[in-house]
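Q: The opening residue of the sequence shown carries number 522 in this note's numbering; numbering runs sequentially from there.
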Amino acid sequence: MAEPGAALRVDGDVVPAGAPGETLLDVLRASGSFAAKQACGRGECGACTVLVGDRAVMSCTMLAALVTDEVTTAAGLGDAAADLRAAFADHAAFQCGFCTPGQVVRAEAVLRESVDRSRDEVVREMSGNLCRCTGYRQIVDAVCAVAQTRQCSREAAR
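1. Are the CB atoms of V548 and A538 within a distance shorter than 8 Å?
2. Look up T544 in the DSSP assignment and say whether it is helix, strand or coil.
3. Measure how close the beta-carbons of D532 and S554 come, nearest whole angstrom, since I'm counting them as under 8 Å.
4. Go ahead and label C569 buried or exposed: buried means 16 or more other beta carbons lie within 10 angstroms of its beta carbon, across all protein chains shown.
5. Compute the beta-carbon to beta-carbon distance between T593 and L572, rounded to the nearest angstrom, for a pair I have assumed lies under 8 Å.
6. Could you pull out every residue in the same chain whose Cβ sits closer than 7 Å to the Cβ of E680, ignoring the five residues on either side in sequence?
7. Between the alpha carbons of F619 and C561, how many angstroms are there, rounded?
8. Please list, in chain order, all residues of the same chain as F609 whose beta carbon is under 6 Å from its beta carbon, the five residues on each side excluded.
9. Closer than 7 Å by C-beta to I660: which residues in its own chain qualify, once you throw out the five before and the five after it? Chain order, please.
10. Between which residues of its own chain and L617 is the CB-CB distance below 6 Å, once the five residues before and five after are set aside?
11. Would you identify the three-state DSSP class for A666, choosing helix, strand or coil?
12. Comparing C-alpha positions only, which one of R633, L584 and T582 sits nearest to A601?
13. Alpha carbons only, please: which of L605, V626, D604 and A603 is nearest the one belonging to A595?
14. Taking the alpha carbon of N650 as the reference point, which residue from V535, A551 and A577 has its own alpha carbon closest?
15. How far does the beta strand (DSSP E) with V626 in it extend, from its first residue to its last?
16. If we ignore side chains and look at the alpha-carbon of each, how far apart do A603 and G597 end up?
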């Protein structure tokens with residue numbers, strides 16, 4: 522647990538950890554980081570998804586005081602998720618774009634765990650992130666395409 526007055530590392534920067542009881546999303550927004558979207562406030566939509574370490578969490582329900590690992594938002598993924606962002610564009614996996622940062626972060630967490638994923642596994646793993654526009658098929662198509670590309674790259678590197 523973070524000490525009172527402690528700091529968090531967010532996208533490589535050190536930011537104040539916030540007051541006791543503050544959510545990670547509150548701390549992110551207070552520090553000027555707006556990549557994690559504020560939407561439901563109940564952990565139901567995934568728009569606020571960030572990585573804590575390599576684990577995807579909904580920052581609206583995570584108490585900032587409990588965060589001990591590096592926090593990475595969609596903005597902090599940088600080149601690590603360039604292929605995902607390109608695949609989302611290529612597969613029309615976003616329309617309004619509101620959910621896209623959370624979707625990309627969740628997808629990156631899924632693929633960091635394993636690129637050897639069936640379509641059904643991708644559907645299951647992405648199910649915590651809602652999208653009102655796409656119908657999800659395009660999102661799953663994009664994640665599966667990147668999984669296949671990353672798997673081929675890893676095999677070629679061996």
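Even for Gly, the Cβ is constructed at its ideal location relative to N, Cα and C.
A: Well, looking at it:
1. yes
2. strand
3. 7 Å
4. buried
5. 4 Å
6. Only positions 522 to 679 of the chain appear in the structure, and residue 680 is not among them; the question remains open.
7. 12 Å
8. F615 and A663
9. A614, Q624, M647 and C652
10. In the sequence on display, residue 617 carries Cys and not Leu. Result list for C617: C654, in chain order.
11. helix
12. R633
13. V626
14. A577
15. Premise fails: V626 lies in the alpha helix (DSSP H), T621 to E634, not in any beta strand (DSSP E).
16. 11 Å
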